[in-house]
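As structure tokens, the structure follows; a few thoughts come after it.
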Amino acid sequence: MIISLIGYMGSGKSHISKILSDKIDFKLIDLDKEISRRNKLTIPEIFEKKGEIYFRKLEREVLEEILASEENVILSLGGGTPVYYNNMEIINHNSRSVFLRTSVGTLVERLSKQKEKRPLIANISDEDLPEFIAKHLFERNQFYSKAQFNVGTDGREPEDIVKEIIEKLYL
0 MIISLIGYMG
10 SGKSHISKIL
20 SDKIDFKLID
30 LDKEISRRNK
40 LTIPEIFEKK
50 GEIYFRKLER
60 EVLEEILASE
70 ENVILSLGGG
80 TPVYYNNMEI
90 INHNSRSVFL
100 RTSVGTLVER
110 LSKQKEKRPL
120 IANISDEDLP
130 EFIAKHLFER
140 NQFYSKAQFN
150 VGTDGREPED
160 IVKEIIEKLY
170 L
């Protein structure tokens, strides 16, 4: 079984996937880290040197390869992964998808501290960040909402979120 965690950057996918992986003893794959490992470049470096179109094609190839595996995997996806091509359809067809739903306020609080690591928001001022995130999240929610399961994260401990995911997936 493959469990795919989706959501906007800063929603906690990496942190929750690690706890979930440990709890149910599934292999953990972070899609962005896997892409970085294979290319020997960070995600910001790939965006800077080769562009977003190159990155999205590469992301699709690695995604398809992982989803075709027979392993028990927790797959932590990049925030944009479900938006491109028909990625959300293949994610739902080949895995159990969980949307980590997080409010704009929580995302702004988390992401304002991580801007230099996030190519999409690195050059956005702190005062413009809430509007950017709200608009971007609104555009992406049509894809995120196609996930098979939806789990709210605001004000919750990671262990409680993981417990809810396990209950929803009947694991």
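Take the sequence shown: its letter number 111 is residue 110 in numbering that gives the first Met the number 0, and every next letter is one higher. Each residue gets a CB set at the ideal place from its N, CA and C atoms; glycine is no exception. Keep in mind it's a predicted model, so treat the numbers as computed, not measured.
Segment contact: the stretch 100–120 against the stretch 26–37, fewer than three CB-CB distances shorter than 8 Å; contact not assigned. Straight through space, the alpha carbons of GLU33 and THR41 are spaced by roughly 10 Å. In the three-state scheme derived from DSSP, where H, G and I count as helix and E and B as strand, ILE34 is classed as helix. For GLU163, the closest of ILE1, TYR7 and LYS22 by C-alpha to C-alpha distance is LYS22. In this structure, LEU106 keeps its C-beta atom at 8 Å or more from the C-beta atom of TYR169. The three-state secondary structure of ASP159, taken from DSSP, is helix. Residue state for GLY104 is assigned as helix, using DSSP reduced to three classes.
Taking C-beta separations shorter than 8 Å and ignoring five residues to either side along the sequence, the partners of VAL103 in its chain run PRO129, ILE132, ALA133 and LEU136, following chain order. If you draw a straight line from the Cα of SER94 to the Cα of SER16, it is about 14 Å long.
Assigned with DSSP and collapsed to three states, LYS26 falls in strand.
With contacts defined as CB atoms closer than 8 Å, SER144 and LEU76 fail to qualify as a contacting pair.
Runs of the alpha helix (DSSP H) spanning 4 or more residues and lying entirely within the stretch 61–148 occur at 86–93, 103–110 and 128–143, in chain order. Per DSSP, SER3 is one residue of the beta strand (DSSP E) stretching across 1–5. With respect to the 8 Å criterion, ASN86 and ARG109 are not classified as neighbours on the basis of their beta carbons.
Close CB contacts of MET0 within its chain, under the 7 Å cut and outside five residues either way in sequence, are with ASN71 and ARG95 (chain order). Beta-carbon to beta-carbon, LEU74 and ILE89 are separated by about 12 Å, too far to satisfy the 8 Å threshold. The Cβ neighbour count for ARG36, taken over all protein chains shown within 10 Å, is under 16; the residue is labelled exposed.
Rounded to the nearest whole angstrom, the C-alpha separation of GLY79 and ARG139 is 8 Å.
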